Structure formats: structure tokens, C-alpha cells
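52 is the number of the first residue of the sequence shown in our numbering; add one for each residue after it. Virtual Cβ for every residue (Gly too), placed ideally from N, Cα, C. A quick note: this is a predicted structure, and the numbers were derived from the prediction, not measured.
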Amino acid sequence: MSKYDEIAHYQDYNELLSILNKSNNNYDLRKIQKAYNLAEQAHGDQRRVSGIPFILHPTSVACIVAQFGMDSDSIIAALLHDVVEDTDYDLNFVRKEFGKDVANIVDGVTKISKIKLYSREEQQAENVRKMLIAMSNDIRVIIVKLADRLHNMRTIECMKEQKRRDKSRECMEVYAPIAHRLGMKAVKDELEDLSLRYLDPVGYKEIEDALLLKENERERFIEKRKKEILKASKMPKDKITVYGRVKSINSIYRKTFLKGKTLDEIYDFFALRIIVDDIKECYNLLGVIHDLYTPIPRRFKDYISTPKPNMYQSLHTTVIDREGIPFEVQIRTWEMHRTAENGIAAHWKYKLGFTRIVNNKKARELDANINRIKDVLAAQIDTDDSTDIIRNIRNDFDQNEVYVFSPKGDVFNLPNGSTVIDLAYLIHTEVGNHMVGAKVNQRIVSIDYKLQTGEICEILTQKDSHPRRDWLEICKTSSARSKIRQWFKREKRDENIVEGKMMLERELKRSNISLTDEELEDLLQFMLKKNKFNTVEDLYASIGYGGIQLWKVLPRIKEEYHTKFGEQENTPVINQYVHKPKRSNSGVIVEGMEDCLIKFSQCCNPLPGDDIIGYITRGFGVSIHKRSCTNIPKDISKAEEPERYVNVRWEKDINDSFHSTLEIICSDRTGVLADVTIALSSMRIFINNLNSRPIGNGRAMVTATIDVFNREHLETVIKRLQSLREVISIKRF
Ligand code: MN
């Protein structure tokens with residue numbers, strides 16, 4: 052028990068001061084003292100569960116943070132991290148006294164502490180990790196939180212069994228992986244070992260004992276190898292450090308208990324670490340090692356030239372000595388060593404520290420160090436994105452995702468812009484189908500409320516409630532949309548049939564196609580087989596709930612109509628078509644002609660409000676063009692047959708809609724078509740045709756033929772489309 056004896060892990064203010072004094076960093080000692088005084092006063096007589104004065108906890112956390120090499124603000128935040136939560140002082144006070152950075156870190160740590168991290172499944176744990184990082188707008192929040200958690204784990208012995216286990220799981224699944232991600236190996240190893248100790252006390256003890264048993268053997272072995280290496284390296288003793296590396300208990304546990312190996316089978320059970328001053332010496336020593344012992348093939352890894360994503364650098368090799376015992380050797384520089392142990396915290400130190408020391412050799416050395424590390428970081432950004440730690444962290448701050456909680460503490464991960472509808476369907480289809488509303492952070496919100504990371508959202512349901520069709524336009528995720536459609540498909544078949552048939556008839560009528568029920572059924576036969584429908588009713592139902600989108604299939608239906616009925620000019624159907632144009636449908640009055648067939652030209656799609664002109668065709672009535680259409684001569688009097696051109700004007704009250712084609716230039720990315728569709732359908736604009744093609748330079752041309760009432764209406768639509776982020780320009784065709 053001695054290793055984790057609770058009292059041994061409390062450090063007082065004097066110890067903090069001595070850590071700070073030993074460091075080369077430039078600390079604001081006056082401000083740190085002030086923070087300590089406040090914390091001491093605020094926590095007053097508070098005690099830890101073990102009876103130890105509470106103030107020793109934040110002081111110890113501050114010591115850990117200082118040992119990471121963090122700056123004054125981090126240390127101050129560590130001292131104050133429980134003040135806002137547990138005492139009478141609030142965040143505003145902290146901000147006023149210590150500045151906004153300290154306040155922000157304290158706030159972040161407090162917020163994270165409030166979250167109950169129920170990590171039941173791996174997926175869940177990953178979400179929690181991402182969310183914690185997303186919630187920490189300043190990376191120092193995570194570092195202080197890790198120190199806080201580390202200290203709590205070191206002193207958890209006096210907690211109740213269940214609490215120890217819960218905290219240990221949280222550590223294993225959430226905090227240790229975050230420490231790993233940030234390259235903080237020392238913290239990761241300790242958190243894992245401490246957790247394992249409570250999660251599997253027996254297994255832990257078994258390995259601990261086995262290690263103890265092998266301790267002497269190990270020490271003798273290491274001493275021998277160390278001597279051999281020092282001798283062979285021919286380096287002065289102060290230029291090279293060789294020592295035996297003890298693997299973490301958790302890593303041995305994983306290899307023995309989880310992978311079924313025995314202690315003797317673990318290659319790097321005997322492990323050496325060699326630390327030197329520069330990179331050239333690392334490679335020299337690798338040569339020395341490979342000369343002295345036999346390297347095991349494929350066990351050599353050069354993490355110096357190719358660092359791990361968390362910045363880790365070292366040479367790894369496994370060799371066999373003359374007695375046939377394999378052991379692993381890690382070779383690195385001191386700088387790499389610091390990075391390997393403290394990860395991002397080590398770099399934080401380089402970025403912020405050392406500003407006070409001037410005018411001596413050490414300062415110049417340090418300056419050179421800072422610059423070199425900056426160079427290395429910069430070079431990595433240029434050459435290999437995946438090795439850039441900052442970028443990796445940014446990825447975790449993914450702006451495209453939000454993380455929200457259920458009141459029970461489950462974390463859900465949704466695309467940015469998701470609404471409470473999306474969350475409801477993500478939780479469970481039945482939750483979505485019975486949702487009546489939602490509460491976010493205890494307040495009722497509207498159904499189109501867009502969720503933000505960190506919010507607690509409760510979906511309110513009612514047994515007899517069901518989805519509404521307009522949800523289809525509000526929700527963000529396709530999975531929610533398809534579940535809503537599924538519901539309509541299943542629950543509302545009769546309504547869907549009626550709705551679908553009406554929708555189809557309405558659209559056919561717009562194209563002046565009117566058919567009897569039997570003719571329509573006959574016409575649609577070709578679609579049944581293709582979509583595996585048994586009856587036309589199935590097809591109507593599908594159109595009704597949106598499984599088949601009308602705008603996608605309508606052109607094909609019209610085509611079928613024309614092959615079936617269109618060519619035979621003398622069939623009654625086409626006669627009906629020719630002789631029954633309703634004037635009210637056309638909306639255009641032709642001067643000097645009554646009851647004539649009106650046809651709107653496809654080339655310019657005139658709209659009410661446009662300046663128009665008529666052209667008398669041979670046998671197809673008067674076709675209406677925009678006056679500015681390229682097919683209409685500028686000067687009619689000079690046209691070939693000027694007598695064919697007639698004056699036309701729009702009727703006063705037109706209630707019909709008209710085709711209009713837009714050419715939309717936008718950035719070429721997936722989903723752009725969907726965005727345009729959604730924008731149009733949210734305005735209840737019918738889409739006759741929609742397609743897109745890349746036009747180079749990362750752009751795409753979307754061509755949309757839509758139905759609008761008039762020019763004004765079209766202009767509203769254009770304005771709305773222009774507000775889409777990806778839309779660059781829109782031209783009416
Ligand atoms: Mn704490």
C-alpha cells in the first residue's frame with residue numbers, strides 16, 4: 052500500500068514554492084500567493100473525506116500542474132479550481148481579481164466536474180472524450196482537470212468501494228485516453244495503474260508481486276547491459292544516461308491477462324532507456340546496440356523521423372543478448388524525453404516560459420531550444436499534417452459536431468445544426484415518433500431549436516403524439532428524415548394514397564395532362580416493376596409519404612405519357628389536350644384573338660411580370676416568349692415573317708404557377724444539391740428538374756427548373772438561395 056499511501060500525496064504551499072523556485076520559468080509569485088490566500092480563506096475549515104484539510108487538495112493539484120511546467124495562470128487556476136464550486140466566491144470575483152484566462156480555466160474545470168460521465172460503452176466513452184476536449188476552449192482546462200483527477204485518484208483509498216470503481220472506470224475510459232492523446236505519458240500510465248488497482252485488485256496485485264519477485268533479476272540484468280553499452284558507446288559518462296525502464300502495470304496487465312501471454316513472453320519486460328543530448332547520437336547509439344546484440348527483425352521503429360501524432364519521438368528496437376534474453380531499447384534526446392513524459396504540457400512550457408532569463412549562456416541555449424522546437428513543429432505542419440499535435444487537437448474541437456447530454460448523462464454526438472428532432476430520433480425511433488417537444492437546460496424550446504455542445508436536452512414525449520410532415524424540412528440528419536418518412540409510410544397508408552395521387556394529378560395537370568383514373572393507372576404500370584410495387588396504390592402511397600420524390604420521377608412519367616399518347620395526333624386524348632386549353636390556365640391574353648391555344652416557350656420560360664411577345668406557330672397555337680428571348684429578333688419588322696408576331700399581355704389575376712429555370716453556380720461539394728432542394732422545399736417550391744455538374748475551379752453549376760407564380764415570387768426564391776453559403780451566383784436562364 053505504501054506507494055499510494057494517501058497522506059504521502061498531499062503537498063503544501065511550501066512544497067509548491069520549492070517546485071516553482073527550482074524551475075526556470077518566469078512565475079508571477081505575487082499573484083500565485085494571492086490565489087493561495089484566497090483559496091485557503093475560501094475553503095476555511097473544509098475537509099476531505101479522509102479528514103485532511105481541503106486546501107491541501109488544490110495546493111497539491113497546483114504542484115502537479117507546476118511539475119508539468121505550466122504557466123502562472125494554470126497554477127493559479129489549479130489553486131482556485133474548487134473555489135467557485137464549493138465556496139461563496141463566484142466566477143466574476145475570480146475574473147476581477149485574476150483576469151479572464153484564470154476565470155475561463157476555472158470555469159471550464161468546474162463545468163467538466165459537473166458532468167456525470169456514464170461511460171457504459173466504448174462509443175459512449177469516445178463521445179465523452181471528444182466532448183470534454185470540445186468544451187475546453189483553452190487546452191489548459193484539460194491539463195488542470197487531468198491534474199485534479201490525478202490527485203483525486205492518488206487519494207481515493209478512503210472513498211467507498213462503489214465510488215472508487217466508478218471513478219476508476221471514468222479514468223480508464225475517458226481521462227487516460229485524453230492524456231494519451233495529449234502525449235502526457237506519465238499521467239496516462241499513472242491514471243491507468245491507479246484505475247486498474249481498483250478495477251481488478253487481484254490482477255493488479257499479481258503483477259505487482261511478480262514484478263517484485265523479478266526485481267533483483269531485473270536489476271542485475273540492467274546493470275550488466277548498462278555497463279556493456281556505456282563501454283561500447285565510448286561516450287563520457289555525463290553525456291549519456293542509461294537506465295532500466297519499468298513498464299506500467301496496466302501495460303503488462305493488458306499483455307498478460309488480455310492477450311494471454313506470460314511475463315516471460317513479453318519482449319519489453321526487460322527494457323532500457325538511453326537518453327543523450329542530440330539526434331545524431333541517438334542514431335550512433337542505435338548502431339552500437341545493433342552491433343552489441345542481435346536485433347529482432349521488424350521490431351525497429353524510427354519515431355524520430357516519423358513522430359507519433361501526439362508528438363512522441365524515440366528510436367525503438369528489440370534485441371537479444373548473448374544469453375538469448377530479448378529486451379527493448381528506447382533511445383531519445385532529453386527534449387524528446389520531456390515531450391514523451393509531459394506531451395503538450397512540455398510544449399506549453401517552451402512557448403510561454405523562459406522570458407525572464409537574459410544575458411547568460413543558459414538563456415541562449417534555451418532560446419535555441421525554443422526556436423528548434425518551433426521549427427520542428429512548423430516543419431511538421433508543412434510535411435506531414437498528421438503529426439501536428441495542434442491540428443490533432445483541432446480535430447477534436449471539430450466544429451462540425453455537437454455533443455449533448457440526456458438528463459441521465461448519456462452523451463449524443465450529432466452533426467452541427469441538428470435540432471431536437473434529430474436528437475429524439477437518435478435516442479430512439481419511438482422517442483422521435485412520440486415527441487411533443489423538448490427542454491434544453493430545463494427550459495422548453497421550440498421544435499426547430501438547434502443544439503449546442505454541452506447542453507442537457509430532455510425530449511418530451513406523449514403516448515398518442517406523432518410526427519408532423521413539416522419535421523421533414525426542419526430536421527438536419529437524413530436518418531431522422533427517413534425515420535419520419537417510415538412512420539408516415541406505415542401509419543398513414545390511406546392518407547398517403549390519397550395525398551400521393553393528388554400530388555401526381557396536380558403536377559400532370561400543370562403540364563396540361565389530364566387522364567382518367569384508368570388511363571393514369573395504365574400509364575404508371577412501367578413504374579411498378581421498377582420499384583417493386585404490386586399496385587398503383589403502393590406507388591401513390593410512396594409518393595404520399597415522400598419515399599418517391601415526385602420531382603425526380605415526373606420527367607420520366609411525362610416522357611412515358613408522350614410515347615403512349617403523345618405521337619398519335621388524332622387520338623381523343625390529344626384532341627382533348629388541343630381543344631381544351633382553359634384560358635384561365637394560360638394567363639395570357641392575345642390581342643385580336645380569342646380562345647387560341649397558348650404555349651409557353653421552353654427557351655425562356657416567361658413569368659407574369661416579364662415583358663412578353665407571342666409567336667403564331669404552325670398548328671400549335673401561340674407560343675409565348677420573353678421579349679428579350681434570344682429566339683426573338685430585336686427588330687420584329689426585320690424578321691422573316693413579321694406577321695407571325697403578335698402582341699400579348701398577362702391577365703390581371705393569375706393563380707397558376709410557371710416553369711422557370713435557374714442556373715446556380717456554387718462551390719462543388721457533396722450535399723450542395725440537397726441544400727438547394729431543402730431550401731426550395733422549405734419555401735414550398737415545386738422542383739421539376741434539378742441537376743448539377745462540375746464546372747472546374749471547385750465549382751458546380753446547378754440547373755433547377757422550378758414552378759413560381761410570377762417574377763416577384765422568383766426574385767424572393769433567388770434571394771433565399773443566394774443566402775446559402777455555397778451559392779456563388781444565380782442566373783435566370
Ligand atoms: Mn478538485
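Length of the line joining the Cα atoms of residue i and residue j
i      : j      : result
Arg762 : Arg700 : 14 Å
Arg248 : Asn203 : 14 Å
Ala90  : Asn393 : 27 Å
Val135 : Leu142 : 6 Å
Arg744 : Lys782 : 16 Å
Thr767 : Leu474 : 32 Å
His485 : Asp515 : 7 Å
Glu777 : Val753 : 11 Å
Ser109 : Ile127 : Per the sequence presented here, residue 109 reads as Pro, with Ser not at that position. Between Pro109 and Ile127, the C-alpha separation is close to 10 Å.
Pro346 : Met362 : 26 Å
Leu648 : Thr668 : 10 Å
Pro684 : Ser497 : 55 Å
His60  : Glu66  : 12 Å
Cys655 : Phe456 : 53 Å
Lys543 : Asn698 : 50 Å
Arg191 : Lys534 : 42 Å
Where residue i sits in the DSSP three-state scheme
i      : result
Asn65  : helix
His388 : helix
Glu379 : strand
Ser780 : strand
Phe539 : helix
Tyr696 : strand
Ile564 : coil
Arg220 : helix
Met554 : helix
Val723 : helix
Thr728 : helix
Thr4   : Absent from the structure is residue 4, since the part of the chain shown begins at 52 and ends at 784.
Ile495 : strand
Tyr591 : helix
Ile797 : Because the chain is modelled from 52 through 784, residue 797 falls outside the range shown and cannot be assessed.
Tyr500 : coil
Lys490 : strand
Ile280 : helix
Thr470 : strand
Bounding residues of the beta strand (DSSP E) (the contiguous stretch that carries residue i)
i      : result
Asn739 : Ile738 to Gly747
Glu509 : Cys508 to Thr512
Thr577 : The amino acid at residue 577 is misidentified as Thr; the sequence shows Phe. It is not in any beta strand (DSSP E) - Phe577 instead sits in the alpha helix (DSSP H) that spans Asp568 to Lys581.
Asn464 : Val462 to Pro466
His94  : Not the beta strand (DSSP E): His94 falls in the alpha helix (DSSP H), residues Leu80 to His94.
Leu323 : Ala322 to Val327
Glu452 : Glu452 to Phe456
Ile291 : Ile291 to Gly295
Residue i classed as buried or exposed, judged by whether at least 16 other C-beta atoms fall within 10 angstroms
i      : result
Asp244 : buried
Asp545 : exposed
Val673 : buried
Gly150 : exposed
Gln381 : buried
Glu386 : buried
Ile326 : buried
Thr487 : Reading off the sequence shown, one finds Val at residue 487, where the question assumed Thr. Burial call: exposed.
Asp686 : exposed
Val157 : buried
Residues sharing a beta bridge with residue i, DSSP
i      : result
Asp661 : Pro659
Asp758 : His710
Asp545 : According to DSSP, Asp545 bridges with nothing at all.
Trp701 : Val639
Ala751 : Cys717 and Pro745
Phe651 : Ile675
Leu366 : Asp353 and Ile382
Pro104 : Arg98
Ile371 : Thr345 and Pro377
Tyr666 : Ser674 and Tyr696
For residue i, the first and last residue of its enclosing alpha helix (DSSP H)
i      : result
Asp199 : Ile190 to Arg205
Glu611 : Leu601 to Tyr612
Tyr249 : Lys236 to Leu250
Val145 : Leu142 to Phe149
Ile229 : Ala227 to Arg232
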